[in-house]
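Offset between the sequence shown (1-based) and this note's numbering: plus 170.
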Amino acid sequence: MSTDLRGYQMTPATGSIRSTEQCAEGTWPARAREVSHIGSACVIEGIGDFDLDDLNLVRRRFPDRLVTLDGDVITVWPPSSATR
């Protein structure tokens, strides 16, 4: 499965580059260890590999964003800057 990431960029944020938040139960996958915001992107790091249920939980929280899974990391990409 290939995902075309053209048009998606993690641009530097003004002010704070990275912030973290608590992993409240039910808000994030149970395996979530840390949730970081880098600009308008969101990176969820796990204490083990995430599964498709975890990915779908995050996709429901961000229905208009590209959400990808890579083992123990789920990334919510910034909104596309490409004109569609």
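Don't be surprised by glycine CBs; every beta carbon is placed ideally from N, CA and C.
- Return the CA-CA distance between Glu215 and Asp223, expressed in angstroms with no decimal places. 15 Å
- In angstroms with no decimal places, state the Cα-to-Cα distance between Val243 and Asp234. 19 Å
- Query: Looking at the unbroken alpha helix (DSSP H) that takes in Arg231, where does it start and where does it end?
  - Reply: 222-231
- Item | Boundaries (first-last residue) of the beta strand (DSSP E) holding Ala200 | From DSSP, Ala200 is part of no beta strand (DSSP E); its letter is neither H nor E.
- Please work out which residues of its chain come closer than 7 Å, Cβ to Cβ, to Val213, disregarding the five sequence neighbours upstream and downstream, and give them in chain order. Ser206, Val243, Thr245
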